[in-house]
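2 protein chains.
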Amino acid sequence: MIPLSYALLGLLARAPRSGYDLLQLMEEPMGFFWSARRSQIYPELARLEAAGLARHTVVPQRDRPAKKLYEPTEAGLAALREWVETPQAPAPDRDIFLVQVYSLWLVAPARALELTRACERRHAARLERYEAIRQRQREEDGDPSALRLDSPRFASWATLQRGLEYERGYLAWLRWLADAIAAQMAP
Amino acid sequence: MIPLSYALLGLLARAPRSGYDLLQLMEEPMGFFWSARRSQIYPELARLEAAGLARHTVVPQRDRPAKKLYEPTEAGLAALREWVETPQAPAPDRDIFLVQVYSLWLVAPARALELTRACERRHAARLERYEAIRQRQREEDGDPSALRLDSPRFASWATLQRGLEYERGYLAWLRWLADAIAAQMAP
DNA sequence: ATACCCTATATCAGTATTGATATAGACGCC
DNA sequence: GGCGTCTATATCAATACTGATATAGGGTAT
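Chains L and A, in that order, give the protein sequences.
Count along the first sequence from 1, then add 2; that gives the number in my numbering.
Count along the second sequence from 1, then add 2; that gives the number in my numbering.
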């Protein structure tokens, strides 16, 4: 089992889902810290089923094609629980913008500034998205600090919180970088 | 060319290196935002060379085996410069601890707290490492804000700065999470 | 009707990446 | 001489992952 297996089981543990559902959830909110494509998700569901960790039932629908609703088996829930409480080796950090920044000394300051601003826009957009989710979550759950530890809502809130702080920190750094570049261009 | 190609070129653009050197640099500092194993680095160097972006010379050494010193060609430097000033699609975010947190509601609070503390120790260790590097960098370069934009030292400083803030932010969130868990255990 | 979009599942070829293993020179230790 | 360790390069099989493509049911618009 790979991390993706447990990401999917983690979604299924909250509610039964189809592959197509999971695909959407891989965009948001799971995609904020783990992601996969169609071509990985469908085979992975088959793998989970073959391993006895998930099962599915075909659900016909009136206005759309039938879907396969997946849910974790008892064994699947147990495997998830066990994996979650075992410290995992972190996935390697990969930040392509930092690879660029590492060689930023090679390009003209004006270009470097543009690049930084472009990155800033991307992260600002992401932060807005997170804040919209937080808004929605607040409306649904009320005071988040009242959430019970054994509720999925608490877990969702905790990961969202990290997403928010990540983007805020990234933005602050990007602004610092932009300032540092701009400061050397003007005088 | 893949991101790794430009990560390696970015290192070679600063100083000629052997595959073995690059391997160490992939631990620190490049590994903080991009990484690769031996088995990917050596073939990748061959690929860069085949593409005319790098070349090597064999350098015999007195007290150790001979090494192949690589350096970027003119074409390699140009390719790097061009890639750096082109906005890149971000690599998917992957944080295995957040995958765990997403299903943290399934495990006993005491276990959840342990897990969080373990993660905290890892990130605290990382932060210390970064701060040691900053210390060293300060001793070598003096006031970092005086660094010229077109100097590799500036680029190194900028990426290190991001690493420091990332770890500080992560630690703050971990402490917040630990407190939230602990608060529900005591009363 | 037929063209287009959304839901839904699936497969394939190719590439990126990992983990294990092999080889070898040079050093120091016992 | 034999052993372990560090430097140094290389390859292999297996797996993870991407991007493209296929199929098909049902809706709506033209």
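Note that the Cβ used here is the ideal one computed from N, Cα and C, for glycine as well.
Everything numeric in this text was worked out from a predicted model, so none of it was measured.
Per DSSP, what are the beta-bridge partners of A:LEU58 in this structure? Sequence index remark: in the second sequence, residue 58 of chain A carries index 56 (1-based). Here the sequence assigns His to residue 58 of chain A, which means Leu is not the residue at that position. Its beta-bridge partners are A:TYR72.
Name the chain A residues that come within less than 9 Å of L:GLY12, Cβ to Cβ? Taking the first sequence and counting its residues from 1, the one referred to as residue 12 of chain L is at position 10. Result: VAL101, GLN102, TYR104, SER105 and LEU108.
Neighbour-count burial assignment, L:ILE183, 16 or more Cβ in a 10 Å radius: Sequence index remark: in the first sequence, residue 183 of chain L carries index 181 (1-based). L:ILE183 comes out buried.
Chain-ordered chain A contacts of L:SER2 [CB-CB under 7 Å]: Not covered by the structure: residue 2 of chain L. The range shown for chain L is 3 to 189.
By the three-class DSSP mapping on this structure, what secondary structure does L:ARG170 have? The count along the first sequence starts at 1 and reaches residue 170 of chain L at position 168. Three-state result, L:ARG170: helix.
What does A:THR161 reach in chain L if we use C-beta pairs closer than 7 Å? By 1-based counting over the second sequence, the position of residue 161 of chain A is 159. Residues of chain L passing the Cβ test: LEU100, VAL103 and TYR104.
Chain-ordered residues of the segment 35 to 60 of chain L with a beta carbon less than 8 Å from chain A: PHE35, TRP36 and SER37
Buried or exposed: which applies to A:GLN102, given that a residue is buried once 16 or more other Cβ atoms fall within 10 Å of its Cβ? Numbered from its first residue, the second sequence carries residue 102 of chain A at position 100. Its Cβ being crowded by 16 or more others within 10 Å, A:GLN102 is buried.
Does DSSP classify A:ARG96 as helix, strand or coil? Position 94 of the second sequence, counted from the first residue, corresponds to residue 96 of chain A. Coil, per DSSP.
Assess contact between the segment 128 to 141 of chain A and the segment 41 to 59 of chain L, defined as three or more Cβ pairs (one per stretch) separated by less than 8 Å. Is contact present? Not touching, per the Cβ criterion.
Spatially closest choice to A:LEU100 from L:THR75, L:SER158, L:ARG64 and L:LEU115, by CA coordinates: Reading the second sequence from its first residue, position 98 is the one you call residue 100 of chain A. Checking every option, the nearest Cα to that of A:LEU100 belongs to L:SER158.
Span of the alpha helix (DSSP H) holding A:ARG140? The residue you call residue 140 of chain A lines up with position 138 of the second sequence. Note, A:ARG140: alpha helix (DSSP H), 111 to 143.
DSSP three-state call for L:ARG16: helix, strand or coil? Translated into positions along the first sequence, residue 16 of chain L becomes position 14. Three-state DSSP puts L:ARG16 in coil, outside helix and strand.
Is the CB-CB distance between L:THR59 and L:LEU71 below 8 Å? For the purposes of this step, residue 59 of chain L is identified with residue 57 of the first sequence, where counting begins at 1. For the purposes of this step, residue 71 of chain L is identified with residue 69 of the first sequence, where counting begins at 1. Yes, these two residues count as a Cβ contact at 8 Å.
Report the neighbours of L:GLU30 on chain A: residues whose CB is nearer than 8 Å to its CB, in chain order. On the first sequence, position 28 is the one that residue 30 of chain L refers to. Neighbours of L:GLU30 on chain A: none; closest Cβ ~12 Å, over 8 Å.
Within 8 Å (strictly less), CB to CB, does A:TYR190 reach chain L? This structure does not reach residue 190 of chain A, given that chain A is present from 3 up to 189, and the question cannot be answered.
Residue from A:ARG164, A:LEU25, A:LEU149 and A:GLY171 with nearest C-alpha to L:TRP196: The shown model of chain L, from 3 to 189, leaves out residue 196 of chain L, and the question about it has no answer.
Selected residue, minimal CA-CA separation from A:VAL109, among L:PHE156, L:THR75 and L:PRO5: On the second sequence, residue 109 of chain A is found 107 positions in, with the first residue counted as 1. Of the candidates L:PHE156, L:THR75 and L:PRO5, the one whose C-alpha sits nearest the C-alpha of A:VAL109 is L:PHE156.
Roughly how many angstroms lie between the CA atoms of A:GLU76 and A:SER105, to the nearest whole one? Numbered from its first residue, the second sequence carries residue 76 of chain A at position 74. Numbered from its first residue, the second sequence carries residue 105 of chain A at position 103. Distance between the alpha carbons of A:GLU76 and A:SER105: 51 Å.
Could one say the Cβ of A:LEU24 lies closer than 8 Å to chain L's Cβ atoms, at least one of them? Within the second sequence, numbered from 1, the residue matching residue 24 of chain A stands at position 22. Not an interface residue.
Buried or exposed: L:GLU141, going by 16 or more other Cβ atoms within 10 Å of its Cβ? To locate residue 141 of chain L, count along the first sequence from 1; it is residue 139. By the neighbour-count rule (16 or more Cβ atoms within 10 Å), L:GLU141 is not buried but exposed.
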